[in-house]
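Enquirer:
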Amino acid sequence: ETPRLLLLNNLGNETGQVGRNFMVHPGLQLWAQFDDIVYPNRGIPGGLISEDTHRPRNATSAFIRDGADFAGGYLLQSIGVMPVTYASQLSRGEGLRGIALLEHLRGFNHVAGINILGEGLPYPHNFMELSDEQDERGLPKPRVHYTAGENELKMTAHADRVMRGIWSEAGAAKEIWGFQRFAHTLGTCRMGTDPRTSVVSPDCRVHSVPNLYVCDNSVFASALAVNPALTQIALALRTADRFLAASKRGEA
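Numbering-wise (the working numbering), the sequence shown opens with residue 3 and increments by one.
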């Protein structure tokens, strides 16, 4: 909504940067079936996390270093889901419907999942703009243009190999299937010092509107390979402090 609001009000876009550098986290999931009951809906979702793949080129494991021909890295973690969520993923990822879906769900307690949270790179050609279609208030809806780059494709391929190796070592008895997804929309109002390549300053103040601040994940200059919530909260608190300090100086 942030770039949409700025574009609707013609604010901060003097250099055409509002909406640019749209990012997401590549989030490939890999599921495996086991002979034993594993109860995928019990325990703490994401309770097992590995940071070895954050920078795989520097990993201590040769298995992880092998084939790491991409920039950045990814977080590797376990998945905990309820049956309805799993059914939705089967339907979207495997195209299962009706009886075929129900038959597959009978094995729910025998499946386990792991996934990645990858560091998607910012590209100017991935962007959000206003569409011709309108919402219920008569305002243009946002339209997003996104294509995964070569780096994201190489990262996902590497993660697929690593996760299949994990399931093989864990003794997965039956099929292993993947579900390609993306998580967390980021960017579009990039933070920076140069108004030609960014929308807000390091204080999150819009370059061309001195009394306008943005403090959500749209200002992220990079995606990182972690959930953005805590960073967003910290950024909001920091921005509030900077705004209050500027206000006391009569600058906001």
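Glycine included, every Cβ here is placed at the ideal spot set by N, Cα and C. Quick caveat: nothing in here was measured; it's all calculated off a predicted structure.
1. Beta strand (DSSP E) containing alanine 174: first to last residue?
2. State the Cα-Cα distance for the pair tryptophan 179 and isoleucine 235, rounded to the nearest angstrom.
3. Under 8 Å, with one C-beta from each stretch per pair, do the region 140-157 and the region 4-11 reach the 3-pair mark?
4. Going straight from the alpha carbon of arginine 67 to that of proline 58, what length do you get?
5. Specify the secondary structure class of serine 133 as computed by DSSP and reduced to three states.
6. Can you tell me whether tyrosine 76 is buried or exposed, with buried defined as 16 or more other CB within 10 angstroms of its CB?
7. Is alanine 102 near the ligand HEM, with its Cβ less than 7 Å from a heavy atom?
8. Which of the three DSSP states, helix, strand or coil, is assigned to methionine 84?
9. Determine the closest residue to phenylalanine 129 out of Asp196, Arg22, Asp243 and Val201, with distance taken between C-alpha atoms.
10. Under 8 Å by Cβ, that's how I've got isoleucine 118 and alanine 161 pegged, so tell me the actual separation to the nearest angstrom.
11. Report all residues from its chain with a CB closer than 6 Å to the CB of cysteine 206; omit the five preceding and five following residues, and keep chain order.
12. Ignore the nearest five residues each way along the sequence and tell me which others in histidine 2's own chain have a CB closer than 8 Å to its CB.
13. Can you check which of these residues, Gly115, Gly18 and Ile39, is closest to phenylalanine 181 by C-alpha distance?
14. Restricting to runs no shorter than 4 residues, where is the alpha helix (DSSP H) found entirely within the region 26-111?
15. Check whether the Cβ atoms of leucine 104 and leucine 92 sit closer than 8 Å, and answer yes or no.
16. Assign valine 120 to one of three DSSP states: helix, strand, or coil.
17. Is the distance from the Cβ of glutamine 35 to the Cβ of glycine 109 below 8 Å?
18. Please name the residue in Asn229, Val40 and Thr233 whose C-alpha comes closest to that of alanine 172.
19. What does DSSP give as the partner residues of alanine 114 in its beta bridges?
20. Taking the alpha-carbon positions, what's the proline 5 to glutamate 138 distance?
21. Leaving aside the five residues before and after threonine 233 along the sequence, list all residues of the same chain whose C-beta is less than 8 Å from its C-beta, in chain order.
22. Note down the Cα distance separating valine 208 from threonine 55, rounded to an integer number of angstroms.
23. For proline 5, does the three-state DSSP call read helix, strand or coil?
24. Drop a sphere of 10 angstroms on the beta-carbon of proline 42, count the other beta-carbons inside from all chains shown, and report buried for 16 or more, exposed for fewer.
Expert: Answer, in terms of the structure:
1. No beta strand (DSSP E) contains alanine 174, which DSSP labels as neither H nor E.
2. 35 Å
3. yes
4. 5 Å
5. strand
6. buried
7. This structure lacks the ligand HEM, and indeed carries no ligand of any kind.
8. coil
9. Arg22
10. 5 Å
11. Tyr215, Val216, Cys217, Val221 and Thr241
12. There is no way to answer for residue 2, as the model of the chain reaches only from 3 to 254.
13. Gly115
14. 64-67, 85-96 and 100-107
15. no
16. The amino acid at residue 120 is misidentified as valine; the sequence shows glycine. DSSP places glycine 120 in strand when its eight states are reduced to three.
17. yes
18. Val40
19. Ala34
20. 19 Å
21. Asn219, Phe222 and Leu226
22. 35 Å
23. helix
24. buried
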